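Take the sequence shown: its position 133, counting from 1, is numbered 133 in the UniProt record's numbering, and each next residue is one higher.
Glycine residues also receive a C-beta, built at the ideal position from the N, C-alpha and C atoms.
For clarity, every value in this text was computed on a predicted model and none was experimentally measured.
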Amino acid sequence: MANTYTQLYIHIVFSVRGRESLIRKEWKNDLYAYIGGIILSHKSKPLAINGMPDHIHILIGYNPSTPLPALVEEIKTSSNRWIKEHHNVPMFSWQKGYGAFSNSRSSIDKVIRYIAHQEEHHRKKTFREEYLQMLRDFEVEYKNEYLFDFQEILEWS
């Protein structure tokens, strides 16, 4: 793509199937490094990767040469296989779907800090609360039945 220039920042969020707490502290940094390698192999830049035992946040400098759904699918499929093979978690899998939110250049430092401080953040707010807040903040229309396995949301609505 000659003479094509982009500056795209995407914050990606997805969870472990059933929101089970299967991502272990002992190997989460290796997982994040592995995911960073996948992102680099698709000509995007991993800017921040962190999460909790039941979900993950990834901020990338996005190169649109790979469609975003294909990139996220590759991250989920490859990391799922890697976790099973390297950390003996045979029941591990990511939930279907993901959230992807665009960010301006001026907000990148704030998003990086937000991702870096997930443990602090989740002392006050559940993943469900966090994710719904992101959907509201970015004015994303959604249907409860298509959200992650948030059974309490269906009862709450």
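C-alpha distance - residue i paired with residue j, whole-angstrom precision
i: K143; j: M134; result: 14 Å
i: I49; j: F14; result: 12 Å
i: L8; j: K25; result: 30 Å
i: I38; j: R123; result: 30 Å
i: P69; j: T77; result: 12 Å
i: S44; j: L22; result: 27 Å
i: K110; j: Q118; result: 13 Å
i: W82; j: N88; result: 9 Å
i: T66; j: V72; result: 10 Å
i: S79; j: W27; result: 12 Å
i: G51; j: E145; result: 24 Å
i: H121; j: E130; result: 9 Å
i: A46; j: A33; result: What sits at residue 46 in the sequence shown is Pro, not Ala. Spanning the two alpha carbons is a distance of roughly 9 Å.
i: F148; j: L31; result: 22 Å
i: N29; j: F101; result: 23 Å
i: F127; j: Q95; result: 14 Å
i: R17; j: P64; result: 27 Å
Beta carbon of residue i nearer than 8 Å to that of residue j
i: I108; j: I75; result: no
i: D54; j: R105; result: no
i: N103; j: H42; result: no
Outcome for residue i when other beta-carbon atoms lying within 10 angstroms are tallied against a minimum of 16
i: E152; result: Confidence is the limiting factor: at E152 the pLDDT is only 43, short of 50, which leaves the residue's position unreliable, though a coordinate-based value still follows. It counts as exposed.
i: F138; result: exposed
i: G97; result: exposed
i: M140; result: Sequence inspection shows Val at residue 140; the Met mentioned does not correspond to that position. Counting Cβ neighbours within 10 Å, V140 comes out exposed, since fewer than 16 surround it.
i: L40; result: exposed
i: M91; result: exposed
i: Y5; result: exposed
Near the ligand NAD: residue i beta-carbon under 7 Å from a heavy atom
i: Q118; result: The model on display carries no ligand, and the ligand NAD is accordingly not part of it.
Inspect the CB distances between the stretch 53-60 and the stretch 112-121 and report whether three or more fall short of 8 Å. Under the Cβ criterion (8 Å, minimum of three pairs), the stretch 53-60 counts as touching the stretch 112-121.
Which runs of the alpha helix (DSSP H) fall wholly inside the UniProt domain "Transposase IS200-like" (5-118) and span at least 4 residues, in chain order? Complete alpha helix (DSSP H) runs here, min 4: 25-41, 68-87, 108-116.
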